[in-house]
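A.B. asks: Just so it is clear: in the sequence shown, position 112 is 112 by full-length UniProt numbering, and no numbers are missing.
Take this structure, written in structure tokens, and hold onto it; I'll ask about it next.
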Amino acid sequence: MMKGLKKWRLFSLLAALTIFLSGCGEKYLSTLTPAGQVGRDQFNLLLLSSAIMALVIIVVVIIYVLALVKFRRKKLGENFIPKQVEGNHTLEIIWTVIPILLLLVLAVPTVYLTYKHADVAGMEQVDEEGNKTAVTVNVTAKLFWWEFEYPDLGVVTSQELVVPTDEKVYFNLKAADVKHSFWIPSAGGKMDTNVENVNQFYLEFDEPSAGLEQGAFYGKCAELCGPSHALMDFKVKTMDRKDFDAWVDSAKTTKPVAGSDLAQSGEEIFNTSCIACHATSAAGTGGGVGPNLASFGDRNRVAGFMEHNEENLKAWINDPQSHKPGNLMPQPEAINNGEKFSEEQLDALAEYLMGLSIEK
């Protein structure tokens with residue numbers, strides 16, 4: 001009976017693992033479906049290392065099984081001792097040289113790709129007019145959100161990174177408070193963001209993200225940074241260079257306009273309660289206390305992880321700590337004369353914020 005229960009538990013565990021693994025491979029999130037050359041290079045290196053490990057395991061298992069079959073006690077008797085190979089120079093050379101060769105096969109492409117992906121000289125290239133030809137993004141990680149500044153374009157966004165396809169995009173990575181780690185699984189490996197220094201690397205994207213299930217790639221913090229580390233997500237929208245240039249022009253020129261009376265009321269509340277921390281224009285530089293909200297209406301998540309709708313937005317505004325513990329956004333009592341926002345105020349704020357857009 002107990003043996004049957006143990007088998008059933010093992011089956012249940014394997015079934016659960018199968019369900020979890022079925023989520024792997026989604027193009028917007030998985031390292032197994034690389035979306036650019038950096039991701040492909042790293043994926044191919046993963047395949048190479050896995051193949052080498054599999055080869056070693058197979059050879060060892062074959063030798064082990066052959067030894068068990070050939071020299072089993074039942075066949076040769078209790079007192080049989082196989083020929084000893086200790087001190088055999090030929091064998092010692094073989095099992096010394098082969099591992100060295102395997103290590104070289106793995107080490108050469110690893111070192112090559114490490115230096116290749118660390119080459120950010122293209123970040124400084126300029127055209128005949130002295131304008132930089134590559135897109136550079138200053139990424140600042142904060143508790144628990146992301147700021148993306150385009151220093152050569154005069155644009156800053158938060159929570160959603162927008163980049164062109166079919167070219168290298170360079171990143172300057174830093175942290176404003178504690179160590180974080182910048183990771184877009186589909187595009188390439190992670191890199192730490194530190195308070196003390198700036199890390200640099202580049203990524204590439206093959207195709208626009210509009211056709212993906214979520215309309216964007218997922219990015220995450222890959223370094224345990226606090227109680228809401230798991231909720232520190234961001235989205236990456238990729239588009240061809242023509243559309244990206246149009247997005248930049250829109251970001252620099254679009255100003256927030258409250259259309260309806262309710263939105264105008266929300267703008268008034270925002271300007272008395274929220275404007276000290278949040279900008280509503282994407283034109284300018286980074287360094288804001290809170291996320292830039294110029295493209296809030298274009299996002300597909302509230303606070304980086306909640307479904308993008310007015311109900312979630314109102315819940316977030318009225319009690320941010322219950323949804324993302326440890327974040328630095330003040331509770332409404334601190335900015336609304338010691339009281340929670342009323343339902344009417346929340347409706348007005350939600351109407352105003354959902355109308356902030358760069359893309360529409």
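Quick reminder that beta carbons are idealized off the backbone N, C-alpha and C, glycines included.
Treat the numbers as computed from the prediction; the structure is a model and nothing was measured.
#1: Of the choices Phe171, Ala348 and Glu149, whose alpha-carbon is the least far from that of Lys314?
#2: Nearest CA to the CA of Arg241: which residue from Ser209, Trp95, Asn312 and Lys360?
#3: Can you tell me whether Gly259 is buried or exposed? The criterion is at least 16 other CB atoms within 10 Å of its CB, across all chains shown.
#4: Could I get the ranges of all uninterrupted beta strand (DSSP E) runs contained in the region 145 to 196, with 3 residues as the minimum, in chain order?
#5: Nearest-angstrom Cα distance between Ile81 and Ile93?
#6: With a threshold of 16 other CB atoms inside 10 Å of the CB of His89, please say whether the residue is buried or exposed.
#7: Within the region 90 to 149, note down every full alpha helix (DSSP H) run reaching 4 residues or more, in order along the chain.
#8: Consult DSSP for Tyr218 and reduce its assignment to one of helix, strand or coil.
#9: Reducing DSSP to helix, strand and coil, say where Val257 ends up.
#10: Taking the Cβ atom as the reference point for each residue, do residue 364 and Glu147 lie within a distance shorter than 7 Å?
#11: When burial is assigned at 16 or more other CB atoms within 10 Å of the CB, is Met53 buried or exposed?
#12: Kindly indicate which three-state DSSP category Leu45 falls into: helix, strand or coil?
#13: Can you tell which of Gly326, Gly355 and Leu29 has the C-alpha that lies nearest to the C-alpha of Gln264?
#14: Counting Cβ pairs, one atom from each stretch, are 3 or more of them under 8 Å apart for the region 273 to 285 and the region 301 to 312?
#15: With distance defined between alpha-carbon atoms, name the residue in Asp245, Val126, Leu143 and Asn172 nearest to Cys225.
#16: Only counting the same chain, and skipping five residues up and downstream in sequence, which positions put a Cβ closer than 7 Å to that of Glu333?
#17: Taking the Cβ atom as the reference point for each residue, do Gln42 and Gly189 lie within a distance shorter than 7 Å?
#18: So if DSSP puts Leu199 in a beta bridge, which residue, or which two residues, is it bridged to?
#19: How would you call Gly77, buried or exposed, if buried means at least 16 neighbouring beta carbons within 10 angstroms?
#20: If the criterion is Cβ atoms closer than 7 Å, does the pair Val155 and Val248 meet it?
#21: For residue 434, does the three-state DSSP call read helix, strand or coil?
#22: Given Met329, which residues of its chain have a CB within under 7 Å of its CB, disregarding the five upstream and five downstream residues?
#23: Secondary structure at Ala283, three-state DSSP: helix, strand or coil?
C.D. replies: Inspection of the coordinates gives the following:
#1: Checking every option, the nearest Cα to that of Lys314 belongs to Ala348.
#2: The shortest Cα separation from Arg241 among Ser209, Trp95, Asn312 and Lys360 belongs to Ser209.
#3: Classification for Gly259: exposed.
#4: If we require 3 residues or more, the beta strand (DSSP E) runs fully inside the region 145 to 196 come out as 145 to 150, 155 to 158, 160 to 164, 168 to 175, 180 to 183 and 191 to 193.
#5: Distance between the alpha carbons of Ile81 and Ile93: 24 Å.
#6: Residue environment: His89 is assigned as exposed (fewer than 16 neighbouring CB atoms within 10 Å of its CB, all protein chains considered).
#7: Runs of the alpha helix (DSSP H) inside the region 90 to 149: none found.
#8: Correct three-state label for Tyr218: strand.
#9: Reduced to three states, the DSSP call for Val257 is coil.
#10: Past the boundaries of the shown model lies residue 364; the chain is included only from 1 to 360, so the question cannot be answered.
#11: Met53 comes out exposed.
#12: Collapsing the DSSP output to three states places Leu45 in a helix.
#13: Looking from the CA of Gln264, the closest CA among Gly326, Gly355 and Leu29 belongs to Gly355.
#14: Contact fails: fewer than three Cβ-Cβ distances are below 8 Å.
#15: For Cys225, the nearest C-alpha among the options comes from Leu143.
#16: Excluding residues within five positions, the ones whose Cβ falls inside 7 Å are Glu339 and Lys340.
#17: Yes, the pair counts as a contact, with Cβ atoms nearer than the cut-off.
#18: Rather than Leu, the amino acid found at residue 199 in this sequence is Asn. Leu173.
#19: Gly77 is exposed by the Cβ-count criterion.
#20: Their beta carbons are under 7 Å apart, which means Val155 touches Val248 by this criterion.
#21: Here the chain covers residues 1 to 360 and nothing more, so residue 434 does not appear.
#22: Correct list, in chain order: Gly290 and Pro320.
#23: Ala283 falls in the strand class under three-state DSSP.
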